[in-house]
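All remarks here apply to the structure that follows.
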Amino acid sequence: MARGSVSTLARAAALFALAWADAAPAEDELPGVALQLVSATGQPASRLSIGRTPPPAGELDPDAFSVVVSAGRADLLPAKVNMTSLRAPESSPTRVALESLPELPLSAAPCPAGMEGLACAKSAPLRLVFDDVDRHHPQLERRSMLAELGGAVVVSAGGVERTLRVESDFGRHRARVRVRLVRIVPRGAPPIGKDDADAVRIAREELERASGVWSVCGISFGPADKADVAVVDPPPPFLLSLGCDAPAIAAGGSIRFVADGRELEVPIPTGTTPRGAARRVQAALEKLGLRVRTSDNRAPQSSSIGSTDVLVTRRDGLLAALGPPAKGPLSTDPALDACIGRVSLEDGLQHFTDSDAVAGTLEERTLVKSMDDGDPETIDVLVLPSFGGDSRIGESFIFLEHGAIRNVVLEDRAGFRAQRASFTLAHELGHVLLDQPGHPDDFGADTPTSLMDADAVSPTAFGPRRLSAAECERAYAQSGPDSLSAVLRPWPLSPLAPVKKGKAKGA
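Using my numbering, read the sequence shown as starting at 31 and increasing by one per residue.
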């Protein structure tokens, strides 16, 4: 080949190299690493939610999300991604991390819409869970992480970091709960735990479990360590019931009883209702300088009218002590009965049946009304040693029944022992939030994974711990800020503080 031909080719190669250098982007001009989280359907996620469904039987997980990493070239993509969940600011002001999943592998994958022309890698489907039962299920163990409603998830890869808050489709709401642990006898042992301090600790743990279950609906019962929890004595016999368990119209007679050592006799004319008789008793007691409140109960199935309870306190606010007269019955009326409510927990609390559920038994009314704080937007939780019989570990009085007792939950120590096998407190709170007296399986298909199942007991990921989207919607319809009950109030997210390093629990 002639020397002139070589020179021509060299010049051509040089010109091509210069042209390529002008056209090709420099290394620092290539799109850098970017992070995006996408849902199971491939939609971009601006927030994350705690998984609501059981571990999936197949590959598709409706509650999962994936981390997508993009870059200008495939060789710029990181091979792994790190993920850390942070506690809600209300639970940990110093921002201690809850759990970390380090070095999750990324695999090459098609880029989502809007990221055309880039190279992408994607993580396996990941899920947020509220407790370690779900966390360690074989289907979820290598791809799930504990999370807390109101907290956050920090994702980092290739020097890029992104933080997303943990919420729900309903935002975040809170129900105010007040817990009273009732001793077996005055100054006696608490209903749970080895002493009062231990009883309070156990109650807070149960409340935290309930918040975890309901977090899938965006509902919390507040930081457990700040909850209003106290150990109290059972009340004295401070309640006089007119009508008792079989209310009727008075035929004519009198009500006779002792109040704080002073005997009274109150005439009751023919045709007086229990409600009217209670007002006559109230007037007589107030003349003695006692404070009195009347409480009208819904009619039980056995009667067309309801009883009325007369609640008696002293001027200093302490409950008064009522007793029978020195001689004769409490009521001389052949139709209108009178009873003094007494709480005796040594043999268990006498609980309601279907016939008197709207009002409760006399013993239940005496206990619950003695603990009433007067705030209808507070859910009162009373913890007992046991219920009478062996068929009940929890029950609730809901708003829907429009009775004198509303938004009240009772749980005994057997319910606490069951813990995550039945989530008794979360279940009973569910009756209040859903404003629903029955259970889905009472007249429909049995669903053992449903929190509101009537009889399921299992401490596994397939036990009674799930809430459907429809149940979440009902909770807000029946108990949300715009409902008559209004026990759920918006709980805005607090700003995140810097993370305190080194406290996360590894996978």
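Note that beta-carbon positions come from the ideal geometry of N, C-alpha and C, so glycine has one too. Since this is a predicted model, take the numbers as computed values, not measurements.
Please look up how many angstroms separate the CB atoms of residue i and residue j, rounded, as I've assumed it's under 8 angstroms.
{"i": "L170", "j": "V159", "result": "7 angstroms"}
{"i": "P354", "j": "V288", "result": "7 angstroms"}
{"i": "S426", "j": "D465", "result": "Not really, about 10 angstroms apart at Cβ, beyond 8 angstroms."}
{"i": "A75", "j": "L90", "result": "Going by Cβ atoms, the distance from A75 to L90 rounds to 17 angstroms, so no, they are not a contact pair."}
{"i": "L16", "j": "G433", "result": "Missing from the structure shown is residue 16; the chain here goes from 31 to 537 and no further."}
{"i": "G248", "j": "G189", "result": "So it is not a contact: roughly 33 angstroms between Cβ atoms."}
{"i": "R286", "j": "E295", "result": "5 angstroms"}
{"i": "A387", "j": "S333", "result": "The Cβ separation is near 14 angstroms, so there is no contact."}
Taking just the CA atoms, how far does residue j sit from residue i?
{"i": "A456", "j": "L237", "result": "8 angstroms"}
{"i": "I428", "j": "S400", "result": "18 angstroms"}
{"i": "P297", "j": "R321", "result": "20 angstroms"}
{"i": "P413", "j": "E235", "result": "Strictly speaking, residue 413 in this sequence is Val, with Pro absent from that position. Approximately 13 angstroms between the Cα atoms of the pair."}
{"i": "V340", "j": "D225", "result": "34 angstroms"}
{"i": "V215", "j": "A444", "result": "18 angstroms"}
{"i": "L15", "j": "P267", "result": "For the chain, the structure presents residues 31 to 537; residue 15 sits outside this window and is missing."}
{"i": "R213", "j": "A154", "result": "51 angstroms"}
{"i": "R231", "j": "I222", "result": "10 angstroms"}
{"i": "L106", "j": "V63", "result": "7 angstroms"}
{"i": "A491", "j": "S480", "result": "11 angstroms"}
{"i": "S498", "j": "A505", "result": "11 angstroms"}
{"i": "G468", "j": "P415", "result": "24 angstroms"}
{"i": "P520", "j": "E503", "result": "15 angstroms"}
{"i": "P406", "j": "D326", "result": "16 angstroms"}
{"i": "S198", "j": "P140", "result": "28 angstroms"}
{"i": "R344", "j": "F473", "result": "48 angstroms"}
{"i": "P522", "j": "A118", "result": "11 angstroms"}
{"i": "R422", "j": "V462", "result": "17 angstroms"}
{"i": "A527", "j": "A182", "result": "11 angstroms"}
{"i": "D290", "j": "R210", "result": "26 angstroms"}
{"i": "P123", "j": "I80", "result": "21 angstroms"}
{"i": "D403", "j": "E129", "result": "38 angstroms"}
{"i": "R172", "j": "A227", "result": "37 angstroms"}
{"i": "A127", "j": "S96", "result": "21 angstroms"}
{"i": "Q331", "j": "C369", "result": "19 angstroms"}
{"i": "P55", "j": "A104", "result": "Because P55 sits at a pLDDT of 44, beneath the cut-off of 50, its placement in the model cannot be relied upon, and the following sentence gives the value as read from the coordinates. Roughly 15 angstroms separates the two Cα atoms."}
{"i": "L318", "j": "G347", "result": "15 angstroms"}
{"i": "R539", "j": "F446", "result": "Only positions 31 to 537 of the chain appear in the structure, and residue 539 is not among them; the question remains open."}
{"i": "T383", "j": "V411", "result": "19 angstroms"}
Check this for me: beta carbons of residue i and residue j, under 7 angstroms apart or not?
{"i": "R208", "j": "T408", "result": "yes"}
{"i": "M482", "j": "G460", "result": "yes"}
{"i": "A284", "j": "T338", "result": "Strictly speaking, residue 284 in this sequence is Ser, with Ala absent from that position. Result no, Cβ atoms of S284 and T338 do not sit closer than 7 angstroms."}
{"i": "P85", "j": "H166", "result": "no"}
{"i": "A389", "j": "R305", "result": "no"}
{"i": "L315", "j": "V342", "result": "yes"}
{"i": "R82", "j": "V246", "result": "yes"}
{"i": "P108", "j": "A187", "result": "yes"}
{"i": "Q312", "j": "T324", "result": "yes"}
{"i": "A229", "j": "V261", "result": "yes"}
{"i": "P142", "j": "V68", "result": "yes"}
{"i": "L177", "j": "S250", "result": "The sequence shown places Ala at residue 177, not Leu. No. Outside cutoff."}
{"i": "H203", "j": "L430", "result": "no"}
{"i": "V98", "j": "Q73", "result": "no"}
{"i": "G424", "j": "E458", "result": "yes"}
{"i": "V259", "j": "A219", "result": "no"}
So, at 6 angstroms on beta carbons, what are the nonlocal neighbours of residue i in its own chain, with the 5 sequence-adjacent residues on each side left out?
{"i": "P525", "result": "none"}
{"i": "Q380", "result": "T391, E393 and G418"}
{"i": "A138", "result": "A151"}
{"i": "S174", "result": "R157, V159 and R165"}
{"i": "R206", "result": "T408"}
{"i": "N112", "result": "P132 and S186"}
{"i": "D442", "result": "L414, S416, F417 and I423"}
Please go through the same chain and pick out, in chain order, the residues whose beta-carbon is closer than 7 angstroms to the beta-carbon of residue i, but skip the five residues on each side of it.
{"i": "P265", "result": "L349, V373, T396, L397 and S400"}
{"i": "T477", "result": "P470, D471 and D483"}
{"i": "E120", "result": "G180, P253 and S524"}
{"i": "M22", "result": "Since the first residue shown for the chain is 31 and the last is 537, residue 22 is missing from the structure and cannot be characterised."}
{"i": "L148", "result": "P61, S100, A101, G102 and C141"}
{"i": "P92", "result": "A70 and T83"}
Which same chain residues end up closer than 8 angstroms to residue i when comparing Cβ atoms and leaving out the 5 residues on each side of it in sequence?
{"i": "P299", "result": "A280 and G282"}
{"i": "Q28", "result": "Lying outside 31 to 537, the shown extent of the chain, residue 28 is not represented and no answer is given."}
Are three or more beta carbon pairs between the stretch 239 to 255 and the stretch 267 to 275 nearer than 8 angstroms? no
With contact counted as at least three CB pairs below 8 angstroms, one residue from each stretch, are the stretch 192 to 201 and the stretch 392 to 406 in contact? no
Taking 8 angstroms as the threshold, find out whether the stretch 432 to 442 comes into contact with the stretch 484 to 492 through three or more Cβ pairs. The answer is no - the stretch 484 to 492 does not touch the stretch 432 to 442, with fewer than three Cβ pairs under 8 angstroms.
Is the stretch 151 to 166 close to the stretch 238 to 250, with three or more CB pairs under 8 angstroms? yes
Three or more beta-carbon pairs under 8 angstroms between the stretch 438 to 452 and the stretch 487 to 506, yes or no? Contact holds between the stretch 438 to 452 and the stretch 487 to 506, because three or more Cβ pairs, one in each stretch, are under 8 angstroms apart.
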